[in-house]
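Q: Protein sequence lines, in the order shown, are assigned to chains P and E.
So for the first sequence, this note's numbering puts the first residue at 4; every next one is plus one.
So for the second sequence, this note's numbering puts the first residue at 56; every next one is plus one.
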Amino acid sequence: MSESVKTGKSNASAIGSKKTTDQSVLPIEATNDFVVKFANVNGSGSASANALFAKSVFRMGVPVTPRNIFPSNIQGLPTWYEVRISEQGYTARRAGGVDFMVSVNPQSMADDVREVRPGGYFFYDSTRPLDIRLLRRDINYVGVPLTEITNRAYDDARLRQLFKNVIYVGALAALLNIDMGVLEQLIAEQFAGKKKLIEPNCSALKLGFDAISDEHSCGLRIEKRDLIGDQILLSGNSACGLGAVYAGATVAAWYPITPSTSVAEAFEKYAGKLRIDPDTGHRNYVVIQAEDELAAMGMVIGANWNGARSFTATSGPGVSLMTEFLGLAYFAEVPAVLIDVQRAGPSTGMPTRTQQSDILSTVYASHGDTRHIVLLPSNPKECFELTAASFDIAERLQTPVIVLTDLDIGMNDSLCDPLEWDDSHTYDRGKVLDAEALDNIERFGRYLDEDGDGITPRTLPGTHPEKGAFFTRGTSRDEYATYTEKGDAYERNMQRLLRKWNGASEYLPAPIEKGSGASVGIIHFGTSVAAVHEAIDQLAHAGIGADSLQLLAVPFHDSVAAFIDKHESVFVVEQNRDAQMRTVLVTELEIDPARLQPVLYYDGSPLTADTVYTKIVEVLGKASVSASTSTTTIAGNSDTAAGD
Amino acid sequence: MSYQKPTFRHPQLPRNGLDLTRSSYEGLISTLCAGCGHDSISAAVIQACWELDIEPHRVAKVSGIGCSSKSPTYFLNKSHGFNSVHGRMPSVATGANVANHELTYIGVSGDGDSASIGMGQFAHVVRRNLNMLYLVENNGCYGLTKGQDSATADEGSKSKSGLENPFENIDLVGVALEIGATFVARSFSGDKDQLVPLMKAALSHRGFALIDVISPCVTFNNHHGSTKSYDYTRDHIHTGNIVDFVPARSEITAHYDAGDTTLVDLHDGSSLNLAKAQPDYDPGDKGAAVNALLKSREKGEILTGLIYIDTTEPDFHEVMSLGAAPLNSLSQETLCPGNEQLQKLNAGFR
Ligand SMILES: Cc1ncc(C[n+]2csc(CCOP(=O)(O)OP(=O)(O)O)c2C)c(N)n1
Ligand code: SF4
Ligand SMILES: [Mg+2]
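1) Would you kindly work out how many angstroms separate the C-alpha atoms of Leu358/E and Gly295/E, rounded to a whole number?
2) Ends of the beta strand (DSSP E) at Phe137/E?
3) Which residue marks the beginning of the beta strand (DSSP E) containing Ser242/E, and which one marks its end?
4) For a quick check, are the C-beta atoms of Ile279/P and Val587/P less than 9 Å apart?
5) Need the endpoints of the alpha helix (DSSP H) that Pro262/P sits in, please.
6) Output yes or no for whether 9 Å exceeds the beta carbon distance between Phe126/P and Tyr171/P.
7) Between the Cα of Ala191/P and the Cα atoms of Phe473/P, Val67/P, Ser59/P, Gly92/P, which residue gives the shortest distance?
8) Please list, following the chain, all residues that have a C-beta closer than 5 Å to any non-hydrogen atom of ligand 2.
9) So, using beta-carbon positions, are Ala306/P and Ala115/E closer together than 9 Å?
10) Flag Gly119/E as yes when its Cβ comes closer than 8 Å to any non-hydrogen atom of ligand 1, and as no otherwise.
11) For Lys489/P, name the three-state secondary structure that DSSP assigns.
12) In chain order, what residues of the segment 412-426 of chain P put their CB closer than 8 Å to some CB of chain E?
13) Buried or exposed, going by whether 16 or more other CB atoms sit within 10 Å of the CB of Asn76/P?
14) So, using beta-carbon positions, are Ser265/P and Thr317/P closer together than 9 Å?
15) Could you give the distance in angstroms between the alpha-carbon of His135/E and the alpha-carbon of Val251/E?
16) Taking all protein chains shown into account, decide if Gly239/P is buried (16 or more other Cβ within 10 angstroms of its Cβ) or exposed.
17) Grab me the residues of Leu297/P's own chain with a C-beta within less than 6 Å of its C-beta, minus the 5 sequence neighbours each way, in chain order.
18) From the beta carbon of Phe300/E, is the nearest beta carbon of chain P less than 9 Å away?
19) In chain order, what residues of the same chain have a beta carbon less than 6 Å from the beta carbon of Ile197/E, not counting five sequence neighbours either side?
20) Give the single residue among Ser171/E, Ala99/E, Ala98/E, Leu377/E whose Cα lies nearest to the Cα of Leu227/E.
21) Inspect the beta-carbon positions of Ser139/E and Leu331/P and report whether they are closer than 9 Å.
22) Short check: CB of Gly79/P to CB of Asn43/P, under 9 Å?
23) When Cβ atoms are compared, which residues of the segment 509-521 of chain P fall closer than 7 Å to chain E?
24) At the level of alpha carbons, what is the spacing between Asp613/P and Ile152/P?
25) Measure the alpha-carbon distance for Ala313/E versus Ala344/E and round it to whole angstroms.
26) Interface residues of chain P around Phe177/E at Cβ under 8 Å?
27) Assuming Cys272/E is part of the beta strand (DSSP E), what are its boundary residues?
28) For the pair the segment 282-301 of chain P and the segment 374-384 of chain E, tell me if three or more CB-CB distances fall below 8 Å.
29) For chain P, is any of its Cβ atoms less than 9 Å away from the one on Arg70/E?
30) What is the DSSP secondary structure of Gln553/P, counted as helix, strand or coil?
31) Report the three-state DSSP secondary structure of His560/P (helix, strand or coil).
32) Go through its chain and collect everything with a Cβ distance to Arg224/P's Cβ below 7 Å, but skip five positions before and after it.
33) Does ligand 3 have a heavy atom nearer than 8 Å to the CB of Ser360/P?
34) What separation, rounded to the nearest whole angstrom, lies between the Cα atoms of Glu6/P and Gln234/P?
35) Less than 9 Å separating the beta-carbons of Arg261/E and Ile362/E?
36) With 8 Å as the C-beta to C-beta threshold (strictly closer), list the residues of the segment 424-456 of chain P near chain E in chain order.
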């Protein structure tokens, strides 16, 4: 911005609203395809006003993806809310700056001004003149005296704080052509239980709307469309909590940690609604806030050992603490469900930023030879479905199942198809012998693999007076759970566990393959999906065809190796530094590491399509140079792209 | 190695109310050192469960890691057991208990398991008043890792190599009292007459019942100079009260001088007749209990007996508002709200 800083005597400028003064830059004109970002102060009540904005776009039938970008702080620090509006349905974070910045936080203004794209709009509170250091010649300023309007309308400090947020939403409605009827309807729904609040909120909205006049102009518009259909807007954490309710989980044990806290909270909320015994008022579930993550995992194991479906939710640091127990559950063959909402790094690090960096620490968690089943949802619907499925899988395979999500999907509302539950589905409780089944067998062998699939029958405590009791321990036991430290018994057991692992993918969701016949293949998972699909469109535009494979689970389905085989250039997109999923692919599929090109992103912000596109083009460019200078042909060239 | 006991039954052996002989309550042959205090505790568990007519398969045994934590193998062979990880038995017990509150839970831990690595979980299971019998088989050392001092080793107690422990000890009885345990007792593995009635009382108590049992490690901590040896314990034991367990619907038969006994009613209809060995002390009074503990400590005595009991506090199950049907027995029909409900929720997400 340095070239646009005006030097002058006074540091303040009463510019009000004005268009770009740099004649070479035209104000951006766009309909249903732009990014609005709100710069707020944490704890100032802006969240619900911002959500109201996003929801109004949704209700106008236009795809919208809001994201919270917030510090590890309760009150006072800057926080942002970035909303991508995309008629094409792109939901990844968009690179290249913001089209419309709603700047209501003086603290972060300097940074916020810088983030606006040339030709974009900077909306600010013009009650006081703007610091001239914030002036850029290539952007448009939209000044609305928010504080003045608010103070005139309200005496009470609390009301001023509250309604100021609603007032700017009203102003945005006028500027961006949002239907006021839609906003009023949303307010009416939000306060359905507190009708008294509807009218004051609607009039605050009107105050903002009326503050916009002809002197303000904005080339960004939202036009009603019918592009949403029956889709919903939901956070991944809510979906996971709800999935656990639907899966019949009865015991949730957890320890608070961002960004996973709202999983347990969602479970409690929905269970509180849907799981109270109508006759007695007793709960058909329990939520235990444990003393730490070790205890949370211990409780989950104890409950599952005793036949209650139980889960915990945490983030990376919690996974580290649960690691000893995860190993025990693997060896002792006790089902367990762990939802890991990944964040960036340890300790004070960046707990409120997103990453996919717990892959190795979950897949290979613990000591001894251990491998764990990991499920990889990419949107709220998949969060719901895979969480629900994880309980069936855990009980079928008698082992921990880790649902790996991240902050981006977990804590933000995103668009997805409506949730569905197949009422004809019966829970798979796995091989559990009841008293009658025990009566019908000669001798119970807890670890006796009669079916050859590595999965052996278990019994629950208290089942039968004479048969079926056994002692659960990590290792050192034979097929009948009798204590032994004999090497051959240990080896047999380990081989059986491997057999179970090798057969596991039969019970796991298959990867989703898109496109066919291109020579470039992109493997991705979790929240990278949106950026990858958008990047594939960009690549097609540049004449490069690419297929994609979305992983939904580890261990891998056969189709993963097949996908790698049939593509000349294979990229693995992931949000970590060390190419962790690539390591797992190389190890589990025993393939040449050179076959997999890493596309890595790990600054803590959500992945953009540009990052994926740029990296792929760069690698393919190098490859085609080396192809022309050597005899090896590495593909990814434009002639495969036709029609993609 | 696995040990299987001969199943020979003598027709004249005494039977309990379930028509079971004591052998129905036994476990595998112990692999602990001959004379280890832990084995006497296992024998007391067998006796207590048999006398209480508990169905063996309706007991769940949970433990951490240590010689002590191995001992659930040596009693109640018809019960499920879970030898979990070091210091974390309380959490496993908590999960198991909320899944099915109808079983009887016996947790076995060691002083290392509970007072060092597992101190946090110990404290929290006490706070939750989880309905279980929690046995600490306290030998003042880490038996399984060959005798290092544990946190319950008394200051000045000598290790086998003659080194004095320089640190204050942690008394789990005192800790439990402080953080709200509802049944706190101490006993000695060598005093079966005291231990068995205490266990019966603990098993009948609704809520968390701690028995800290001094249980000498004959191999690493039974020498002269150790304050957890058989000799030292016998010489310094002080019996605070004598517990006479009175099963439900039976007559109180023991007779003590009036004024010296206290009757405590338990939730299952049984009661405890407590004969005070120390006249000025009522185990229903927490202040008095703490006092008695401190006083005996000052005098270098080991206070045993039922040190404190509170039968009024709700247990974890009740606090969490759980119903009579165990969570693990609820059907899919009860638990799954179904698609129609989900579609209503979807409407709220639009
Ligand atoms: C995480 C972990 N750390 C250390 C150990 C090693 N370990 C096994 S038993 C034990 C101490 C047991 O002492 P205590 O609980 O007093 O039992 P005791 O053998 O004396 O009965 C230790 C340190 C372990 N099993 N796990
Ligand atoms: S080492 Fe000590 S605690 Fe362990 S079995 Fe032997 S005597 Fe008992
Ligand atoms: Mg010990």
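Glycine included, every Cβ here is placed at the ideal spot set by N, Cα and C.
What you are looking at is a predicted structure, and each value in this text was computed from that prediction instead of being measured.
A: Quick answer:
1) Within the second sequence, numbered from 1, the residue matching residue 358/E stands at position 303. Within the second sequence, numbered from 1, the residue matching residue 295/E stands at position 240. Answer to the nearest angstrom: the Cα atoms are 6 Å apart.
2) Here residue 137/E is taken as the residue at index 82 of the second sequence, counted from 1. Phe137/E -> beta strand (DSSP E) spans 135-138.
3) Here residue 242/E is taken as the residue at index 187 of the second sequence, counted from 1. Counting along the chain, the beta strand (DSSP E) containing Ser242/E begins and ends at 238-243.
4) Taking the first sequence and counting its residues from 1, one reaches residue 279/P at position 276. Taking the first sequence and counting its residues from 1, one reaches residue 587/P at position 584. No, they are not a contact pair.
5) Along the first sequence, read from residue 1 onward, the residue named residue 262/P stands at position 259. From DSSP, Pro262/P is part of no alpha helix (DSSP H); its letter is neither H nor E.
6) Indexing the first sequence from 1 puts residue 126/P at position 123. Indexing the first sequence from 1 puts residue 171/P at position 168. It is a contact, given that the beta carbons lie within the stated cut-off.
7) Walking along the first sequence from the start, residue 191/P turns up at place 188. Checked all of Phe473/P, Val67/P, Ser59/P, Gly92/P; the closest Cα to Ala191/P is Ser59/P.
8) Leu87/E, Cys88/E, Cys91/E, Cys122/E, Gly198/E, Cys272/E, Val273/E, Thr274/E
9) Along the first sequence, read from residue 1 onward, the residue named residue 306/P stands at position 303. Along the second sequence, read from residue 1 onward, the residue named residue 115/E stands at position 60. No, the pair does not count as a contact, with Cβ atoms beyond the cut-off.
10) In the second sequence, the residue the question calls residue 119/E occupies position 64. Gly119/E Cβ: within cutoff of ligand 1.
11) Residue mapping note: residue 489/P aligns to position 486 of the first sequence, counting from 1. DSSP places Lys489/P in coil when its eight states are reduced to three.
12) Pro421, Leu422, Glu423, Trp424, Asp425, Asp426
13) By one-based count along the first sequence, residue 76/P stands at place 73. It is exposed - the Cβ of Asn76/P has fewer than 16 other Cβ atoms within 10 Å.
14) Start at 1 with the first residue of the first sequence, and residue 265/P comes out as number 262. Start at 1 with the first residue of the first sequence, and residue 317/P comes out as number 314. Contact: no.
15) The residue given as residue 135/E occupies position 80 in the second sequence. The residue given as residue 251/E occupies position 196 in the second sequence. Cα to Cα, the separation comes out at about 22 Å.
16) As a position in the first sequence, residue 239/P is number 236, starting the count at 1. Flag for Gly239/P reads buried.
17) Sequence index remark: in the first sequence, residue 297/P carries index 294 (1-based). The residues are Leu324.
18) Locating residue 300/E in the second sequence gives position 245, where the first residue counts as 1. Taking Cβ atoms only, chain P never reaches closer than 9 Å to Phe300/E, which makes this a no.
19) Along the second sequence, read from residue 1 onward, the residue named residue 197/E stands at position 142. What sits at residue 197/E in the sequence shown is Tyr, not Ile. Counting only Cβ-Cβ distances below 6 Å, and skipping sequence neighbours, we find Gly167, Gln203, Ser205.
20) By one-based count along the second sequence, residue 227/E stands at place 172. Measuring from the Cα of Leu227/E, the nearest candidate turns out to be Ser171/E.
21) In the second sequence, counting from the first residue as 1, residue 139/E sits at position 84. In the first sequence, counting from the first residue as 1, residue 331/P sits at position 328. Yes, the pair counts as a contact, with Cβ atoms nearer than the cut-off.
22) In the first sequence, residue 79/P corresponds to position 76, counting from 1. In the first sequence, residue 43/P corresponds to position 40, counting from 1. Their beta carbons are not under 9 Å apart, which means Gly79/P does not touch Asn43/P by this criterion.
23) none
24) Here the question's residue 613/P lines up with position 610 in the first sequence. Here the question's residue 152/P lines up with position 149 in the first sequence. Roughly 41 Å separates the two Cα atoms.
25) Walking along the second sequence from the start, residue 313/E turns up at place 258. Walking along the second sequence from the start, residue 344/E turns up at place 289. With a pLDDT of 48 at Ala313/E, under the threshold of 50, the predicted position of this residue should be treated as unreliable, and no value is reported.
26) Reading the second sequence from its first residue, position 122 is the one you call residue 177/E. Near Phe177/E there are no residues of chain P at all, since even the closest Cβ is about 10 Å away, more than 8 Å.
27) By one-based count along the second sequence, residue 272/E stands at place 217. Element bounds for Cys272/E: n/a, residue is neither H nor E.
28) yes
29) In the second sequence, the residue the question calls residue 70/E occupies position 15. Answer no: the Cβ-Cβ gap between Arg70/E and chain P never drops below 9 Å.
30) As a working mapping, residue 553/P is identified with position 550 in the first sequence. Residue state, collapsed to three classes: strand.
31) Mapped onto the first sequence, residue 560/P falls at position 557. It is coil, neither helix nor strand.
32) Taking the first sequence and counting its residues from 1, the one referred to as residue 224/P is at position 221. So the list reads Thr34, Leu179, Asn180, once near-sequence residues are dropped.
33) Translated into the one-based positions of the first sequence, residue 360/P becomes position 357. Flag unset: Cβ of Ser360/P not near ligand 3.
34) Mapped onto the first sequence, residue 6/P falls at position 3. Mapped onto the first sequence, residue 234/P falls at position 231. Low confidence applies to Glu6/P: its pLDDT is 37, below 50, so where it sits in the model is not reliable, and the reading given next is rough at best. So the two alpha carbons sit approximately 45 Å from each other.
35) Translated into positions along the second sequence, residue 261/E becomes position 206. Translated into positions along the second sequence, residue 362/E becomes position 307. Contact flag unset, no.
36) Trp424, Asp425, Asp426, Thr429, Tyr430
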